[in-house]
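Numbering (this note's numbering), first residue to last: 1 to 256. To start, the structure itself, in structure tokens.
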């Protein structure tokens, strides 16, 4: 999704500092670099080579160096990158120098787990409010927060200066929740509901669909299995293809 900056948007006081125009792929990798850098700092490392950081993240070092060059960070030949300085640079670009208040809507099994996760605070986020429409959930206490009815969202969002909304509701309720979040000025939404949200221009939505991720892994498992079953060998499976044709799994994998 495109990164939109809105000076003076609800919940954000003052002008927004100029930021480098980063490629989306680079933005997606910066949090991974940051996590690896925090691990290095926690284990006492003061510097890290581009190769070492790239290996820790799982990317090639040339791509890492190009990503970090967008931040004006080039490291020092023979020394590498200053870990503390690079953490500071990445956190600044990601807007993590201030603690951002998050509203979580939907405290079913997934939402309950998210609400109870302590790792957000150490990365610059505060779960400030929990909401649900189920009367049996309202009043429940999770990790020190009381679940409120979703009807209270407009008032609480203003009081808590909510800047990010997390939707963990069933799919049929997700759009209405997104509309409520947008109506109170929230322009960043993390959506765990298995549906596509319709939002106005200027609202950023990140979608996390665990079933889709599992289906992608299933494809890779299917492909690996097909590549080990050579054509003509005993046990090579035949797979029906669209149009009524049949091919071995290996043929399906390579498109012959």
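C-beta atoms are modelled at their ideal positions from N, C-alpha and C, and glycine is treated no differently.
(message) Please report the straight-line C-alpha distance between residue 224 and residue 218, rounded to a whole angstrom.
(response) In the chain shown, the residue the question calls residue 224 occupies position 224. In the chain shown, the residue the question calls residue 218 occupies position 218. It is roughly 10 angstroms from the alpha-carbon of residue 224 to the alpha-carbon of residue 218.
(message) Rounded to whole angstroms, what is the Cα-Cα separation between residue 180 and residue 152?
(response) As a first step, residue 180 must be located in the chain shown, where it is residue number 180. As a first step, residue 152 must be located in the chain shown, where it is residue number 152. Looking at the two C-alpha atoms, the distance is approximately 10 angstroms.
(message) I'd like to know whether the C-beta of residue 124 is nearer than 8 angstroms to at least one C-beta of chain D.
(response) Given the protein chain composition of this structure (a single chain), no chain D is represented.
(message) If we require 3 or more residues per run, which beta strand (DSSP E) segments fall completely within the segment 157-221?
(response) Entirely contained in the segment 157-221, the beta strand (DSSP E) runs reaching 3 residues are, in chain order, 162-167, 188-191, 204-207.
(request) Kindly indicate the opening and closing residues of the beta strand (DSSP E) around residue 65. (result) Along the chain shown, one-based indexing puts residue 65 at 65. Counting along the chain, residue 65 falls outside any beta strand (DSSP E), though it belongs to the alpha helix (DSSP H) covering 61-69.
(request) Output the distance between the C-alpha atoms of residue 226 and residue 126, rounded to the nearest integer angstrom. (result) Here the question's residue 226 lines up with position 226 in the chain shown. Here the question's residue 126 lines up with position 126 in the chain shown. Cα-Cα distance, rounded: 46 angstroms.
(request) Quick one: measure Cβ to Cβ for residue 145 and residue 115, integer angstroms, because I've assumed they're closer than 8 angstroms. (result) Here residue 145 refers to the residue found at position 145 when the chain shown is read from its first residue. Here residue 115 refers to the residue found at position 115 when the chain shown is read from its first residue. Rounded to whole angstroms, the Cβ separation of residue 145 and residue 115 is 7 angstroms, and the two are in contact under 8 angstroms.
(request) Can you tell me the Cβ-Cβ gap for residue 87 and residue 41, rounded? I've got them flagged as a contact below 8 angstroms. (result) Counting from one through the chain shown, the residue named residue 87 turns up at place 87. Counting from one through the chain shown, the residue named residue 41 turns up at place 41. Right, the Cβ-Cβ distance comes to about 7 angstroms (below 8 angstroms), so this counts as a contact.
(message) Taking the straight line between their C-alpha atoms, what separation do you get for residue 20 and residue 138?
(response) Start at 1 with the first residue of the chain shown, and residue 20 comes out as number 20. Start at 1 with the first residue of the chain shown, and residue 138 comes out as number 138. Taking the CA atoms as reference points, residue 20 sits about 43 angstroms from residue 138.
(message) Cutting at 6 angstroms between CB atoms, please list the residues of its own chain near residue 121, excluding the five before and the five after it.
(response) For the purposes of this step, residue 121 is taken as residue 121 along the chain shown, with counting starting at 1. Cβ within range, chain order: n/a, list empty.
(message) Once DSSP output is grouped into helix, strand and coil, what is the label at residue 47?
(response) In the chain shown, counting from the first residue as 1, residue 47 sits at position 47. Note: residue 47 maps to strand in three-state DSSP.
(request) Would you give the residue range spanned by the beta strand (DSSP E) that residue 147 belongs to? (result) Residue mapping note: residue 147 aligns to position 147 of the chain shown, counting from 1. It spans 145-149 - the beta strand (DSSP E) in which residue 147 sits, taken as one unbroken run.
(message) Can you tell me which residues form a DSSP beta bridge with residue 125?
(response) Reading the chain shown from its first residue, position 125 is the one you call residue 125. Paired residues: 100.
(message) Using C-beta distances below 7 angstroms, list every residue in its chain close to residue 182, excluding the 5 sequence neighbours before and after it, in chain order.
(response) Looking up residue 182 in the chain shown gives position 182. By the criterion of a C-beta distance shorter than 7 angstroms, residue 182 is surrounded in its chain by 199, 200, 203, once the five residues flanking it on both sides are discounted.
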